[in-house]
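Q: The numbering of the sequence shown is our numbering, which starts it at 1022 and goes up by one. Backbone N, C-alpha and C define an ideal beta-carbon position, used for all residues, glycine too. Input: one structure, supplied below.
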Amino acid sequence: MRRQFQILLLGMAGAAVLRISLFGDLYLRYVKEGLRLPLIATGCLLFTLALVGAWRDGFPFPYEQPAAETGEDPGDGPRSPGQEHPHGNESRHGNESRHEDESRHEHESGHGHDHTRGPRVGWLLFLPVVGLMFAAPPPLAAYTAERQRPMAVEEESQFAPLPARSPVPMSLLDFSARAVWDTDRSLSGRTVRLTGFVTPGKDGGPWYLTRMRVSCCAADAQALKVAMYGGEPPAAGTWLVVTGRWHPRGKLGTDAATAALDVRGLRTVPEPANPYRDDAPR
């Protein structure tokens, strides 16, 4: 890859990062909200480095091999046929010896190849950059969640009273924690409303309402699942608001308990702008 294309790749990478962070909220598909400013700073830095490289090399980035690499002395002018070194034979033998040493050095260090160009595989770096600019990958959803074990809910001993309204809007994490660890059974007899996307279950078993939760970025995402009993779910990955009642499963207050819901109703909703933020439905 020639240097001008390396500079172009650097500028495109900066522009792609700025597109998803500064000029939109697509970055929320990949990282948490708090990382927006570092992303913007990174995009600006990459784009600035590309501009500096373009200015330094000239436009349209001509490639010229330095004189030092050609073995020529730019200060030596052409010699006339009669102009020879006072010690012609010694000079000729010295030059021949030096040329042999240089040839041997080229063979040992790189077989005389031009190392000013990057490897051809570098062209593959354009693919993710172009994809991020024109067809940003979607957030993690049912395909990933279906292949993960449900996220373990941390043990809690105290829970705030639920509001008197019905149905009670809850995040999946709050519902799951109460369904597993709340020995006071605050969910008993209450109708709740949850939101997430559909993840298929095993044949004959429940399907799942799921949220992907991240600590930093999509690479560390974990699937938080609530088993759904009843209802006919739409296609995998469809976002829903589900209304229902707690379905006790396993011994409460132990790791054997799991979160589940008896479905009373469901409706499809658009995918939220931040799919990794486990908000209660409105």
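Could you tell me whether the Cβ atoms of residue 1260 and residue 1284 are closer together than 9 Å?
A: Not in contact: residue 1260 and residue 1284 (Cβ atoms no closer than 9 Å).
Q: Going by beta carbon distance, what residues of the same chain come within less than 6 Å of residue 1266, once the five residues before and after it are set aside?
A: 1212 and 1283, listed in sequence order.
Q: Cutting at 7 Å between CB atoms, please list the residues of its own chain near residue 1301, excluding the five before and the five after it.
A: Cβ neighbours of residue 1301 beyond the five flanking positions: 1190, 1191 and 1192.
Q: Excluding sequence positions up to five away, which residues of its chain have a Cβ less than 6 Å from the Cβ of residue 1166?
A: Closer than 6 Å at Cβ, skipping near neighbours: 1220, 1231 and 1244.
Q: On the CB-based measure, 16 or more other CB atoms within 10 Å of its CB, does residue 1044 come out buried or exposed?
A: Classification of residue 1044: exposed, given that the 10 Å Cβ count is below 16.
Q: In this structure, does DSSP put residue 1025 in helix, strand or coil?
A: In this structure, residue 1025 counts as helix in the three-state DSSP scheme.
Q: As an exercise, report each continuous beta strand (DSSP E) stretch of at least 3 residues that is fully enclosed by the segment 1220-1264, in chain order.
A: If we require 3 residues or more, the beta strand (DSSP E) runs fully inside the segment 1220-1264 come out as 1228-1234 and 1243-1250.
Q: Just curious, the alpha helix (DSSP H) that residue 1072 is in, first and last residue?
A: Where residue 1072 is concerned, the enclosing alpha helix (DSSP H) stretches over 1057-1078.
Q: Can you tell me whether residue 1229 is buried or exposed, with buried defined as 16 or more other CB within 10 angstroms of its CB?
A: So residue 1229 ends up on the buried side.
Q: Measure from the alpha carbon of residue 1168 to the alpha carbon of each residue in 1184, 1182, 1199 and 1222, then state which is nearest.
A: Comparing Cα positions, the closest option is 1222.
Q: Residues in its own chain within less than 8 Å of residue 1157 by CB, not counting five upstream and five downstream?
A: Answer for residue 1157: 1041, 1047 and 1050, listed in chain order.
Q: Do residue 1227 and residue 1281 come within 9 Å of each other at the CB atom, strictly closer than that value?
A: Contact: yes.
Q: With three or more beta-carbon pairs closer than 8 Å as the criterion, would you say the segment 1178-1190 touches the segment 1064-1075?
A: With the cut-off at 8 Å, the segment 1178-1190 and the segment 1064-1075 do not touch.
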